[in-house]
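Residue numbers (the working numbering): 1 to 402.
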């Protein structure tokens, strides 16, 4: 039941001007990590790799490495920049022409992108034609997007998605794209691939008196909108998702530990009841790094309701009143290495975009609130809320024979 069916996997690498050397290396590391977990054989996985900029190059074809994993990994390590503009449409047409949908194998395309094509309409045309070619296959076929980049446009990713629920869009900081493919390829009665529902979430809120009332109330409103967006999909409970909250100014304080309530209304009511620090402006600071460290303690300590087997998510409202941004970035990187995903949401008029991007686990996890002049308040777009509400994650155990 847990043997994977044969599959052809095409990976499309972003080597455009907007891709730094660090991001390019992340893409190669991700590919190598995937390949190391797969069996390369005619009746298992075949891998091909293309890279794109202004033009698209087929770097590694299906039959160019004789199913030799060592040779394939070596060739991945030697991939080089194509450079140029982000012409996703040209890459889509090249990959479309690579596909042989008459073969008995299943077909999956992993498209690496930051969601910022040089021409969005052309990109939509190209990915649409690629998706149409995949749909002609009598076997399983799917186009998926994996976000890479120092900045990410969620709107662009959403527009290119072929799924209203955005289930074909993934982040590179987990192996979810590979698990998604594996789950498609095993028998539906194989329980080795499953959705990981146990999730511990901590919201981190700045209550410093340095914030304007508008920014503080905007932060609360954003948390409330996140709760509203996840409520239809995310079940709270001791064996499902748990939520807690920390607020901070000069020092962090626990508002709700993870297992205090499993009722959305109670959680929201307690969050909305938070009052801003009334200490004098000159005596108030935003010790963000300390707050994140404290939130980590709450996410990993049983006395705060944390569970060993749960995934960990930290949602931080970043206002820009940060006493030490460098330290906050270092803490964020440490949390991410420890498998704690950090979502950073910029709100107010004082933050720098780069700081929001740097205090998130990846650019995919960074969001920026917009100011609605008609209602005089901060908020997130429906697209951003939809991405934030994508809390589900997949796991495939070693019982999958891939």
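By construction, the Cβ of each residue, glycine as well, lies at the ideal position given by its N, Cα and C atoms.
{"Item": "With a CB to CB cut of under 6 Å and the five nearest residues on each side skipped, what residues in its chain are close to residue 328?", "Value": "288, 289, 322, 359"}
{"Item": "Using a Cβ-Cβ cutoff of less than 8 Å, which residues in the same chain neighbour residue 42 once the five nearest sequence positions on both sides are dropped?", "Value": "6, 67"}
{"Item": "In the DSSP assignment, find the beta strand (DSSP E) that holds residue 231 and state where it starts and stops.", "Value": "Element bounds for residue 231: n/a, residue is neither H nor E."}
{"Item": "For residue 210, does the count of other Cβ atoms within 10 angstroms reach 16, so buried, or fall short, so exposed?", "Value": "buried"}
{"Item": "Between the Cα of residue 400 and the Cα atoms of 212, 46, 179, 356, which residue gives the shortest distance?", "Value": "179"}
{"Item": "Can you look up residue 298 in the DSSP assignment and give me helix, strand or coil?", "Value": "helix"}
{"Item": "Given this structure, state the Cα-to-Cα distance separating residue 194 from residue 184, to the nearest angstrom.", "Value": "11 Å"}
{"Item": "Using DSSP with H/G/I as helix, E/B as strand and the rest coil, what is residue 121?", "Value": "helix"}
{"Item": "Considering only DSSP beta bridges, list what residue 112 is partnered with.", "Value": "146"}
{"Item": "Return the CA-CA distance between residue 57 and residue 78, expressed in angstroms with no decimal places.", "Value": "14 Å"}
{"Item": "Compare the C-alpha of residue 382 against each of 293, 155, 311, 276 and name the closest.", "Value": "155"}
{"Item": "Rounded to whole angstroms, what is the Cα-Cα separation between residue 368 and residue 347?", "Value": "7 Å"}
{"Item": "Would you say the region 219-236 touches the region 264-274, given that touching needs at least three Cβ pairs under 8 Å?", "Value": "yes"}
{"Item": "When the Cα atoms are used, what is the spatial distance from residue 54 to residue 303?", "Value": "54 Å"}
{"Item": "By DSSP, does residue 215 sit in helix, in strand, or in coil?", "Value": "helix"}
{"Item": "Where does residue 13 sit, in a helix, a strand or coil, going by DSSP?", "Value": "strand"}
{"Item": "Rounded to the nearest angstrom, what separates residue 204 and residue 340 at their Cα positions?", "Value": "14 Å"}
{"Item": "Can you name, in chain order, every residue of its own chain whose Cβ lies under 6 Å from the Cβ of residue 1, other than the five neighbours on each side?", "Value": "187, 189, 190"}
{"Item": "Check whether the Cβ of residue 205 lies closer than 8 Å to any Cβ atom in chain C.", "Value": "Here there is only one protein chain, and chain C is not present."}
{"Item": "What do you reckon, are the CB atoms on residue 124 and residue 153 nearer than 8 Å?", "Value": "no"}
{"Item": "Might you give, ordered along the chain, the residues of its own chain that have their beta carbon closer than 7 Å to the beta carbon of residue 91, omitting 5 neighbours on each side?", "Value": "12, 50, 52, 56"}
{"Item": "So who's on the other strand from residue 3, going by DSSP bridges?", "Value": "401"}
{"Item": "Spatial neighbours of residue 8 within its chain, please: CB distance less than 6 Å, with the 5 preceding and 5 following residues excluded, ordered by chain position.", "Value": "46, 105, 107"}
{"Item": "With distance defined between alpha-carbon atoms, name the residue in 80, 260, 4, 233 nearest to residue 19.", "Value": "80"}
{"Item": "With a threshold of 7 Å on Cβ separation, who are the neighbours of residue 291 within its own chain once the five nearest residues in sequence on each side are excluded?", "Value": "204, 246, 248, 252"}
{"Item": "Residue 284 and residue 208 look like a contact to me (Cβ under 8 Å); what is the Cβ gap, rounded to whole Å?", "Value": "5 Å"}
{"Item": "Taking only three categories from DSSP, how would you classify residue 41?", "Value": "coil"}
{"Item": "Are residue 244 and residue 274 touching if we call contact CB-CB under 8 Å?", "Value": "no"}
{"Item": "Within 10 angstroms of its Cβ, does residue 164 collect 16 or more other Cβ (buried), or is it exposed?", "Value": "exposed"}
{"Item": "Classify residue 320: buried if its beta carbon has 16 or more other beta carbons within 10 angstroms, exposed otherwise.", "Value": "buried"}
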